[in-house]
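Read through the structure below, which is laid out as structure tokens, and then see the notes.
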Amino acid sequence: MAKYENIFKKMLAEQNVPEEPISDEEAFNNSMDLDTDPETFSVEPSAPGYASKYVEKAKGWIKKIEDFSDWVNGTETDSLNKHFINLDYEGSPFEGISKASHTLTKIAEDLASLSESIKGYILTADKKEQQANQQSQQQ
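For the sequence shown, our numbering begins at 244 and goes up steadily by one.
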């Protein structure tokens with residue numbers, strides 16, 4: 244570990260440090276690729292009503308994701324995983340297909356995780372919209 248610590252310290256010592264601190268705007272402009280126009284980035288807060296407009300869309304996404312996840316790996320007789328298990332018997336053209344069940348389970352887990360992430364954004368959307376409303380009222 245000490246080896247990397249010494250290399251890191253050497254790199255820090257060799258780094259060019261500006262003599263005078265630069266402004267946030269300068270740092271922002273310097274952090275972009277040369278052909279990027281800083282004016283194309285919006286730093287203003289979202290307009291009031293923006294979040295609620297997309298919350299309903301996100302709820303629709305969640306419903307579709309959860310429905311698909313259930314179809315892939317649900318406990319119902321119509322789930323894809325259930326079909327894989329039922330089709331896997333000696334002499335079947337699908338013999339051995341149930342080995343893919345772990346893949347279906349992983350897909351369903353990933354979809355459930357995505358759904359929960361979107362739910363998290365929805366939960367914070369109200370708070371963010373309230374903050375945007377307060378900021379717009381203060382201006």
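C-beta atoms are modelled at their ideal positions from N, C-alpha and C, and glycine is treated no differently.
What are the boundary residues of the alpha helix (DSSP H) that Asp267 is part of?
267 to 273
Counting C-beta neighbours from all protein chains within 10 Å, is the total for Ala351 16 or more, i.e. buried, or is it exposed?
buried
Rounded to the nearest angstrom, what separates Lys306 and Gly339 at their Cα positions?
32 Å
The alpha helix (DSSP H) spanning Leu277 covers which residue range?
First-last for Leu277: undefined, no H or E at that position.
By a C-beta neighbour count over all protein chains shown, 10 Å radius and 16 as the cutoff for buried, is Ser312 buried or exposed?
buried
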